[in-house]
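**Student:**
Numbering (full-length UniProt numbering), first residue to last: 1 to 425.
#1: Closest to residue 67 by CA distance: which of 10, 209, 400 is it?
#2: Where residue 215 and residue 224 are concerned, what is the direct C-alpha to C-alpha distance, given to the nearest angstrom?
#3: Between which two residues does the alpha helix (DSSP H) carrying residue 12 extend?
#4: To the nearest whole angstrom, what separates the beta carbons of residue 150 and residue 88, a pair I think is in contact under 8 Å?
#5: Can you check which of these residues, 192, 59, 34, 98, is closest to residue 82 by C-alpha distance?
#6: Looking at the secondary structure, which residues open and close the beta strand (DSSP E) in which residue 136 lies?
#7: With a threshold of 8 Å, are at least 3 pairs of Cβ atoms found where one atom belongs to the stretch 358 to 367 and the other to the stretch 341 to 349?
#8: Given a cut-off of 8 Å on the beta-carbon distance, is the pair residue 368 and residue 242 in contact?
#9: For the candidate residues 393, 372, 357, whose alpha-carbon lies nearest to that of residue 128?
#10: Could you say which of 269, 90, 288, 407 lies nearest to residue 308 if we only look at CA atoms?
#11: Around the Cβ of residue 313, are there at least 16 other Cβ atoms within 10 angstroms (buried) or fewer (exposed)?
#12: Nearest-angstrom Cα distance between residue 275 and residue 300?
#13: Looking at residue 339 and residue 289, is the spacing between their C-beta atoms short of 8 Å?
#14: Going straight from the alpha carbon of residue 248 to that of residue 205, what length do you get?
#15: I need the DSSP call for residue 311, collapsed to helix, strand or coil.
#16: Which residue from 341, 280, 318 puts its Cα closest to that of residue 329?
#17: Label residue 207 either buried or exposed according to how many other C-beta atoms from any shown protein chain fall within 10 Å of its C-beta, with 16 as the threshold for buried.
#18: Cβ of residue 271 within 8 Å of Cβ of residue 327?
#19: If you draw a straight line from the C-alpha of residue 92 to the C-alpha of residue 113, how long is it?
#20: Could you compute how far the alpha carbon of residue 16 sits from the alpha carbon of residue 75?
#21: Quick one: is residue 154 buried, meaning 16 or more other Cβ sit within 10 Å of its Cβ, or exposed?
#22: For the alpha helix (DSSP H) containing residue 216, list its first residue and its last residue.
#23: Do the stretch 163 to 176 and the stretch 99 to 111 meet, that is, are 3 or more Cβ pairs less than 8 Å apart?
#24: Which one of 65, 115, 226, 273 has the shortest CA to CA distance from residue 409?
#25: Can you grab the Cα-Cα spacing for the pair residue 292 / residue 284, in whole Å?
#26: Rounded to a whole number of angstroms, what is the C-alpha to C-alpha distance between residue 265 and residue 332?
#27: Rounded to whole angstroms, what's the CA-CA distance from residue 39 to residue 65? Just pull it up for me.
#28: May I ask which residues mark the beginning and end of the alpha helix (DSSP H) holding residue 79?
#29: Starting from the N-terminal side, write out each stretch of the alpha helix (DSSP H) that is 4 residues or longer and does not extend beyond the stretch 263 to 321.
#30: Quick one: give me the first and last residue of the alpha helix (DSSP H) that residue 172 is part of.
#31: Can you tell me the Cβ-Cβ gap for residue 229 and residue 405, rounded? I've got them flagged as a contact below 8 Å.
#32: Is it buried or exposed for residue 24, if we count other Cβ within 10 angstroms and need 16 for buried?
#33: Can you tell me whether DSSP reads residue 407 as helix, strand or coil?
#34: Alpha carbon to alpha carbon, how far is residue 231 from residue 70? Give it in angstroms, no decimals.
#35: Helix, strand or coil for residue 330, going by three-state DSSP, please let me know.
#36: For residue 399, which residues of its own chain have a beta-carbon under 6 Å away from its beta-carbon, when the five flanking residues on both sides are left out?
Below, the structure is given as structure tokens:
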């Protein structure tokens, strides 16, 4: 929530200094995630272990997210970013030592995945909330588009790069890349003073004060009908769309009679769609009303998933088109929505709002998988693609008729607290 007049005209330099460091850190994280999951796949061959590895990644955000948000809103955001990235480096260093000594165990990796996810639970809302204070409002949608495009590109490049490194290097050398990229992220953050929202409550952090802050955050969301509706909408989207990613390999093998090559094409189509959609949003910025752009994106997401599910087994290129459309609409949906929240949510509340939304979305993952798996086994692998695609299209269209959503950008919010630049420490 930063106006052009409140920011230096040279806002790009400090923001992109941090941004480049974070970009390399994300690449390192993708490499490590790929390497560790592949190691568990080869060494255990256990679906249960792989499911546990996925689950431990969601637990911190589901259980601790709202409390983390309250702390992020109180603490120095620059320090939180540095500690989060530094913690990731330390956890990875521990894995490097264990692999180097040859004493690594499965439970070591599961604990490391949990700790890395915990650091991410602090990092994500802090970076998003900081972006809102470093980037002028009129550029937030474009920045979101650039972020989405960059993340999409990393998701395309990261796994093959990880596979190549694993083929040529020992595991502990592969993991050391993450230490270097995390250290780079810490260094770039240390170069910049990140704006800090002024706090009306400067009392010491105690369990009671954190609970009170969480309660304030929940009341803030409930008192703003548009924000509440958007969070519920995002939660529903996550519920409907998450299983499609997990079911795609089975769709390839059971319906399209394909294999690893076809799965690779599907994933590449989605990744390229994300890059193109993010770049378009970065240049265009979306419609004047951000919510209109996001709702059209939701309709497009649903259409893409529906096309994938409806594609006959002999028309695999049609499924590729549907997946590319889904990827393309991802930044068109998420970018303006994130920019809208960054621009309209009070700076001192953003940590709580982002983590409340993240906790709700993450909590939907196990619930949706429990429903989608048996339903697909009973009625066919394409069933969930039909249901989720149609449901997203209907929800996106119906949202145009909901005043609380359509007028969100004009609705009054809680009184804002002046912003003061955090001192460099």
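Where a beta carbon is used, it is the ideal one built from N, C-alpha and C, also for glycine.
**Tutor:** With the given structure in hand:
#1: Out of 10, 209, 400, the CA that lies nearest to the CA of residue 67 is found in 209.
#2: 15 Å
#3: 12 to 44
#4: Incorrect: roughly 19 Å between the Cβ atoms, too far for contact.
#5: Minimum Cα distance to residue 82 is reached at 192.
#6: Element bounds for residue 136: n/a, residue is neither H nor E.
#7: No, they do not touch.
#8: yes
#9: 357
#10: 269
#11: exposed
#12: 16 Å
#13: no
#14: Straight-line Cα distance between these residues: approximately 45 Å.
#15: coil
#16: Scanning 341, 280, 318 for the CA closest to the CA of residue 329 turns up 280.
#17: exposed
#18: yes
#19: About 10 Å.
#20: Here the alpha carbon of residue 16 sits roughly 22 Å from the alpha carbon of residue 75.
#21: buried
#22: 207 to 222
#23: yes
#24: 226
#25: 14 Å
#26: 22 Å
#27: 29 Å
#28: 77 to 101
#29: The DSSP assignment places complete alpha helix (DSSP H) segments of no fewer than 4 residues inside the stretch 263 to 321 at 290 to 310, in order along the chain.
#30: Where residue 172 is concerned, the enclosing alpha helix (DSSP H) starts and stops at 171 to 190.
#31: 5 Å
#32: buried
#33: coil
#34: Within the model, the alpha-carbon separation for residue 70 versus residue 231 is close to 17 Å.
#35: Here residue 330 sits in helix by DSSP.
#36: 295, 405
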